[in-house]
Amino acid sequence: MTRVNDFAFKIATANGTGSASANGLIMQAIFRMGVPVTGKNVFPSNIQGLPTWYEIRVSKDGYTARTPYFDLMVALNAATYAKDVAEVRSGGYLMFDSSWPLDESLKRPDVTYLGVPLAEMCNATFKGVRERILMKNIAYAGALAGLIGMDPDVIAALTKEKYAAKKALLDSNEKAIALGYDYVRTHFPCPLPIHLEKMDATRDSILIDGNTAAALGAVYAGATVGAWYPITPATSVMEAFKSFCMKYRRDPETKKKKFAILQAEDELAALGMVIGASWAGARAFTPTSGPGISLMNEFIGLAYYAEVPAVIVDVQRTGPSTGMPTRTQQGDLMMCAYASHGDTRHVCLYPSDPREAFEMAAKAFDLAERFQTPVFLVSDLDIGMNDWMVPKLAWDDAYRPDRGKVLSAGELEQARSFYRYLDIDGDGIPQRTLPGVHPMGAYFTRGSGHNKYGGYTEDADEYQEVLDRIARKVQGAARAVPQPVIRKTPGATMGLVTVGGCHAACMEAMDLLAKDGIALDYLRVRGFPFGDEVRQFLEQHEVNFIVEQNRDAQLRSMLMLDTGVPVEKLESVRYYAGFPMSAHHVISGVKAKLEKAA
Amino acid sequence: MTRVNDFAFKIATANGTGSASANGLIMQAIFRMGVPVTGKNVFPSNIQGLPTWYEIRVSKDGYTARTPYFDLMVALNAATYAKDVAEVRSGGYLMFDSSWPLDESLKRPDVTYLGVPLAEMCNATFKGVRERILMKNIAYAGALAGLIGMDPDVIAALTKEKYAAKKALLDSNEKAIALGYDYVRTHFPCPLPIHLEKMDATRDSILIDGNTAAALGAVYAGATVGAWYPITPATSVMEAFKSFCMKYRRDPETKKKKFAILQAEDELAALGMVIGASWAGARAFTPTSGPGISLMNEFIGLAYYAEVPAVIVDVQRTGPSTGMPTRTQQGDLMMCAYASHGDTRHVCLYPSDPREAFEMAAKAFDLAERFQTPVFLVSDLDIGMNDWMVPKLAWDDAYRPDRGKVLSAGELEQARSFYRYLDIDGDGIPQRTLPGVHPMGAYFTRGSGHNKYGGYTEDADEYQEVLDRIARKVQGAARAVPQPVIRKTPGATMGLVTVGGCHAACMEAMDLLAKDGIALDYLRVRGFPFGDEVRQFLEQHEVNFIVEQNRDAQLRSMLMLDTGVPVEKLESVRYYAGFPMSAHHVISGVKAKLEKAA
Amino acid sequence: MTYITKPTVHHPSLKKNALGLTRRDYEGAITTLCAGCGHDSITAAIIHAFWEMDIAPHKVAKLSGIGCSSKTPAYFLREAHGFNSVHGRMPAVATGANAANGDLIMIGVSGDGDSLSIGLGQLCHAIRRNVNMLYVLENNGVYGLTKGQFSASADPGTTSKKGEANTMEAIDGALLALTLGATFVARSFSGDKDQLVPIIQAGIAHRGFAFVDVISPCVTFNDHEGSTKSYAYTREHAVEVVHADFVPLREPIETTYAEGTVQRVTLHDGSVVKLRKVDKDYDATNRDAAYAAIRDHQRKGEVMTGLLYLSPDSKDVHDQNETVAGSLVSLPHDQLCPGNDALQKLQQQFR
Amino acid sequence: MTYITKPTVHHPSLKKNALGLTRRDYEGAITTLCAGCGHDSITAAIIHAFWEMDIAPHKVAKLSGIGCSSKTPAYFLREAHGFNSVHGRMPAVATGANAANGDLIMIGVSGDGDSLSIGLGQLCHAIRRNVNMLYVLENNGVYGLTKGQFSASADPGTTSKKGEANTMEAIDGALLALTLGATFVARSFSGDKDQLVPIIQAGIAHRGFAFVDVISPCVTFNDHEGSTKSYAYTREHAVEVVHADFVPLREPIETTYAEGTVQRVTLHDGSVVKLRKVDKDYDATNRDAAYAAIRDHQRKGEVMTGLLYLSPDSKDVHDQNETVAGSLVSLPHDQLCPGNDALQKLQQQFR
Ligand SMILES: Cc1ncc(C[n+]2csc(CCOP(=O)(O)OP(=O)(O)O)c2C)c(N)n1
Ligand SMILES: Cc1ncc(C[n+]2csc(CCOP(=O)(O)OP(=O)(O)O)c2C)c(N)n1
Ligand code: SF4
Ligand code: SF4
Ligand SMILES: [Mg+2]
Ligand SMILES: [Mg+2]
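Protein chains in written order, with this note's numbering: chain A, 11 to 608; chain B, 11 to 608; chain C, 45 to 395; chain D, 45 to 395.
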């Protein structure tokens, strides 16, 4: 059965062998053919030699969720042959390196085997271990190009762009592509029934990962101080921030930097630096992952109680503890919302893809300064590190940072008095001053008991007054965070509610469920505290399926606590074993609940 | 109006002046007269010179909750005169040091002022600044003795006991007591209408604070390793543990120690040490307070996921952040239950008084080893540092530590295989081995992804299998933690539900509410996860008042999440400004809700 | 209650500095420390140093961790922003504040518990980074605020108030700082204001991390016999090897001293530190000699004091980062945001 | 997947130690590190050292933090309990395990990121406490597992793979350890097994904290020109000042060397470390001399290696604590629990 622009394939290699550039080439080529495409990198938590996979989904309908159904497997790692063979869809294809014979036990009658002597050809063509290994990757890209019908011109153009300045490399790459391409064209009926045809569906889109996008958001929002400690999968946020700053933020003449990046000694220090920088008046942020958030708990409480802005990007990975650092999960939802001892509650933003990562990263700084509190951008490995197709990013040049109630020297000069923690206009947000600006602005920041005037206190009423105001202030942020995305379906009485990167799977699942006659209204929360809209939606529906990627139904828990909607209305649909969520997880989850109810 | 054995008084001094021994003397004297008594120390977060109060409640009915209604104020700190004068109940008394005249503006017509020239008398009687200051305290104890009718023989006996070995001190103390006692007896009609009379209600009780009791529990349970970092109000747990160990745990001949106390460099290290020691097979614990728990988050997740026992005592203080270190709160309930990133859930025990602190501290070690997980003893400053009258502690000598499924060398020798994370009997609890015991027991403990055999994994199914089992295991602890205390009142349709140290206030409030015709059933949770009994209780009552000491209704949140009982049934009654909860907080909270409903 | 500030009525007789401010203007709230606490003397020295240097108080940021010592920023420079952060983590907060606004004059105050136990890692890394700040470690050998436990600076053999002896090695902040490549290392005694004030001033003027370890007796928990951090012990065993005189840029450098007894070090801003050497051969710009000398004195049971080491070519965080001059905080948004055109152009890369 | 253990079929030809075990019996799972990683050579040295010392593998506890280096305990001593804890916090876990059971032979493996950044405070305090363990810092100047960021041991001026230069001071583990009063300090090179094995053995036998800094090149991220932690650089600049030979207790101490070239140090258990001195005047029991020598070589651009310092009178945690002999884990409950009678008696105090 022919399937054009609607299939998925997976490339199995070992890491540290350079397959990333081959996979990138394939992604870009498909994208430039105008065909919607997404890539998911499944990599091990080590540096070299362990199994790694790259999954590519081509979807003319623009579905971007992971699919676990692979029509074609490019099985180049003998260590995982068995597993890889088992994963091919019945009727699908398996391409392997036929330089060595494939064990008979690995043969499945319902799969077509396509042997390509990659190593053999590359050994014959190239010299030196390194080049041979690298070019074997490019060769499989060439073979794939032939098999699924990539446009040779697009590939040629891409290769030329990439190696414009490196003639020798360009030659080898072209040669390697030809090796694979020509081989499959002569040995197999090309293209396969699953193949590509040009479309025009990517013109206004880009391919980008969420960490790069979040870093861009920070640059555009005017963040000047970034403090971090390396951790997978958050590391590339700061790497990208740095390279953008090197590009856009150096004095044209002196080359001096209009930013400071601090590689801290650990995550405690990283957040401490952010707090110090924010207190001094800079926009500052730190990217990290679960273990980092755990370590930051004490400082988070300080920022909350002393009311210091701070932007924390949590690129979630599979927990608990070290967990699976290279797998995705939404396991930190509760921690981000309530981190630190004592009564605390934090503003959180939940991007669902790199575009939102960009927009919300920028938004996070406005909210942190406006509400004078830590703001979490709660992303995850799937959003952060995988290649997503999203609409092009845009920036409104009229944007000016919302610095919140920061008093200038002039304002202080005018004012008869300044009290740091006084609620002067009822919104729970006090006025703030920056050090070095004016003697009248001086106050003492502390995490210990203080009254509304900023004085130290151990007095019960004074203490409570401040604590209650902070609660009001943070609740007020419910109206300022990005409002939920809601999609109504005529006649639907049930809701599908989700957060973050589950969006893609939910979109696809809803279309498929609709075909089965299951109509659902949709809500995706985008910020915490949740607002009235969220509560109303939950209340309006007989039952809401709460879709999320963690074991303990953390989103559902937060919905219960924040909206008071009874658990009976909230059916939990979860997947949390480390891969990005797929439509089938949502569908089978929903159906299982419906069957149970029926 | 005469009130015998039912009144409260408060002593206002400055800290660091030695009033503690005077207050202790007063407490003990009342207690030895057979009259139920409790003391609450209200002290500042500094070392010397700031206002400090000691509140003593005498209650023939045995009520131990704090009362904010003071019949007599011993106002010895000029810095707080105004505040102290204001706090006396109308019709009450104020004793002050009349060595200096009292400002007329401080006089209230509805209060009787009792001037005692303490400084003058002491200066005349004693030599040297230090002795004069110290003896002024003893002198006010003597004056109080006269005013409220303490038995002079009891006081004399106590003083003799205390200074048996120090003749000079004994003399001064006796002299100082006489100074105060004789002065009030000659100048005022003694005893006052509020006074003491001998009873026989303390024979089977002791006066003890919860930190001392928890330390005793750890000693009796056989804890051998204690790791800690000093923090108010948890410090005295380890100090007491040490002194008990020095008494009971040294080799009679060599004086060598059968325990090791590690003063760690911080709380992260303290919990790391506990994890290391528990992993090696010792019973180990760490006492701390909120900031420490925040810092321990990462290690808590490790212990949870790698299934290493650990006992953590959280003596809660007022948060968030540094908060008010010398004030009490129940602000860490949620954090203890869900600490660390990723999906986690922890066993918690909630003592309501020092006796339970003793019993539950011991229990914590059994649970930690049986369930191979961190166990929190969630105490607070009020329980931990104040002097409570509780029934005498008892220990069952038949007790043997529940080490859980630890395999001995012999068992390993017999076994055909040992897999660390395998659930062999369905309770979710795997078998465990200790290092150094047998080659067959070797396994690799890690916080990274592992399968049931103890091997490293990044495989989705293998990972999930272990994580799901751990969830089952911890849920299983609901049946093993101390079950809730339930007290039914005939005809009651409403419930009063609380946790920890609110118990005393709730008991008193229920008696008083009953007089107003408000009948309540009572439930106090004592362990988390909550069991069926808790859910049933909540469901059975039209409405449940959830009484707790934090801003965000953390107990109510946990009840919602754990039992699924809708929020409509859970009315929140909270007090969280730093003092121990009083009956009036409960009563006014309940009444306010009832009025709102009516 | 530390927010009760003292009355600021000025005595016309009080001496004024170049800004027309008296020492009173550099004070803060009334101390809540124990009477006689060493930390209060250090506060007095800090007040004096800033006043004498004619620094506008509001240009200063004063930071601390948690502890009796860490309370002291509330007691000086009431017109400066203060930050009493969390236990042991002030260095990170200071590093961030400095990164944001290099124009702030920064002073951090910490204790030996705060700096050498829970905060040891942060202190070491701030030294290594050479954050431009004065760091005063008020060293009393105990945790004052939690009532007298040994800290990591307690010497082996020193006894607690209850008579227990410490068995562990002491961490010597000065040796540690030298080992980590600190660019300014001094040790002093809270009871020696003459020595301390110029050290503080030199530390403020120094561009980089100025580490000042000040023995500061805790009268309540560590001033007894058996303690090596008591007033008596320190008075008896402190040996000054080199005395710093701080000469601000604008003051002329006056009279010369006998050859070999004074060493001049010019700081980044042109100020000069004159080191009057008690020990003629002591070279305060030689890191290894300083280390060896401290150890020598230690072996003799002495506590070596003075401005022990000063690196003439110190490069602070901003020098290393090559940050633009001035504060990042004051950069206007249009200098920070590349704008939509750039964004559209950039996105060619993502196709 | 590190749990795939190698087949343990024994070649009858393999040499056996006193326990009848071959080197294979001291191996672990197959490494997952990059081919050529220095850490794998250290693993081999550890395997050799334990085998040669006839230590029963299951008497050993092997602990680590997080990082490529910290993975290695999975690759040796499969019959020992292992603990791959959290990043930078292994010292605390080891301290606790040692407190509980002083009979365990403990080895900790860490990286320079793990030990000198996030874990710096814990490392320092374990040194100060003198926890009885061998601590191997596998030092490559970068964070390997997170792909090549500079670590705190990166020398100033050293360049990353991308060509960026490090601007900050390096933390030198050996200098740091000496400053903190470490009782055993060594430095070696993963490529020098002859030097490394006896150092490891001496470290195991030493009662106290044996700190061994091993330069261990990261072939993937820090083996290029411009790196001072590459194979080439280390081979060229390593200077051995003193070579340790480890002589276990039961072996007779054989032949003498020329006067002055060998220094003998007898360890707590009676084993002897013989230090063959390359530099005749080097005294490996002199802390200050060791420190000065390391600095001297540093100035010359050399990396000084060998067993640099060994304190003859080391008191570990249990010596300091005066713990009963043996393990606290094995004490029966009745020796730990005072019983109800004692409790009743005690409570007289509380009345
Ligand atoms: C995370 C945390 N742990 C513990 C404490 C309790 N604590 C407050 S001050 C202090 C020690 C202070 O010692 P030091 O820094 O030497 O200051 P000093 O009081 O001696 O001046 C401790 C342990 C805390 N505030 N925070
Ligand atoms: C709390 C925490 N932060 C960050 C990380 C990510 N991380 C893993 S290993 C590592 C650095 C390892 O460097 P090093 O100790 O030098 O070991 P190497 O890989 O170089 O041997 C980091 C930052 C982590 N695991 N945990
Ligand atoms: S306890 Fe010690 S350090 Fe704290 S204020 Fe008193 S004297 Fe100073
Ligand atoms: S990345 Fe470096 S440290 Fe890690 S395994 Fe590879 S070579 Fe070794
Ligand atoms: Mg101190
Ligand atoms: Mg490294």
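Quick reminder that beta carbons are idealized off the backbone N, C-alpha and C, glycines included.
Taking 8 Å as the cut-off, is the CB of residue i close to at least one heavy atom of ligand 1?
i: residue 342 of chain B; result: no
i: residue 158 of chain C; result: yes
Whole angstroms is fine: what's the gap from residue i's alpha carbon to residue j's?
i: residue 157 of chain D; j: residue 336 of chain B; result: 38 Å
i: residue 103 of chain D; j: residue 258 of chain D; result: 24 Å
i: residue 391 of chain A; j: residue 362 of chain A; result: 12 Å
i: residue 15 of chain B; j: residue 194 of chain B; result: 20 Å
i: residue 330 of chain B; j: residue 292 of chain A; result: 24 Å
i: residue 47 of chain D; j: residue 119 of chain D; result: Per-residue confidence for residue 47 of chain D stands at a pLDDT of 40, beneath the threshold of 50, marking its modelled position as unreliable; the derived number appears in the next sentence. Going by the C-alpha atoms only, they are around 9 Å apart.
i: residue 250 of chain D; j: residue 232 of chain D; result: 17 Å
i: residue 349 of chain C; j: residue 106 of chain B; result: 50 Å
i: residue 89 of chain D; j: residue 237 of chain D; result: 6 Å
i: residue 62 of chain D; j: residue 105 of chain D; result: 20 Å
Below 7 Å on C-beta distance, what does residue i contact in chain F?
i: residue 161 of chain C; result: Going by chain labels, chain F is absent from the structure shown, which instead holds the protein chains A, B, C and D.
Looking at the unbroken alpha helix (DSSP H) that takes in residue i, where does it start and where does it end?
i: residue 381 of chain B; result: 364-381
i: residue 513 of chain A; result: 512-525
i: residue 478 of chain A; result: 470-486
Can you determine whether any heavy atom of ligand 2 sits closer than 8 Å to the C-beta of residue i, and answer yes or no?
i: residue 216 of chain D; result: no
i: residue 83 of chain D; result: yes
With DSSP as the reference, identify every bridge partner of residue i, one or two as the case may be.
i: residue 268 of chain C; result: Residue 268 of chain C pairs with nothing; no bridge assigned.
i: residue 13 of chain A; result: A:204
i: residue 576 of chain B; result: Paired residues: none, contrary to the question.
The beta strand (DSSP E) that contains residue i, what's its start and end?
i: residue 114 of chain D; result: It is not in any beta strand (DSSP E) - residue 114 of chain D instead sits in the alpha helix (DSSP H) that spans 112-115.
i: residue 156 of chain A; result: Run containing residue 156 of chain A: none in the beta strand (DSSP E); it sits in the alpha helix (DSSP H), 139-158.
Is residue i near ligand 4, judged by its Cβ being under 8 Å from some heavy atom?
i: residue 266 of chain D; result: yes
i: residue 57 of chain A; result: yes
Could you tell me if the beta carbon of residue i falls within a distance shorter than 8 Å of some heavy atom in ligand 3?
i: residue 115 of chain B; result: no
Practice task
Below 8 Å between beta carbons is the criterion; list the residues of the segment 188-218 of chain D that meet it against any residue of chain A, in chain order.
Solution key: Listed in sequence order: 188, 189, 190, 191, 193, 194, 196.
Exercise for the section: Check each residue of the segment 374-402 of chain A: if its Cβ is closer than 7 Å to any Cβ of chain D, include it; give the result in chain order. Expected result: Taking 7 Å as the Cβ-Cβ cut-off against chain D, none of the residues of the segment 374-402 of chain A qualify.
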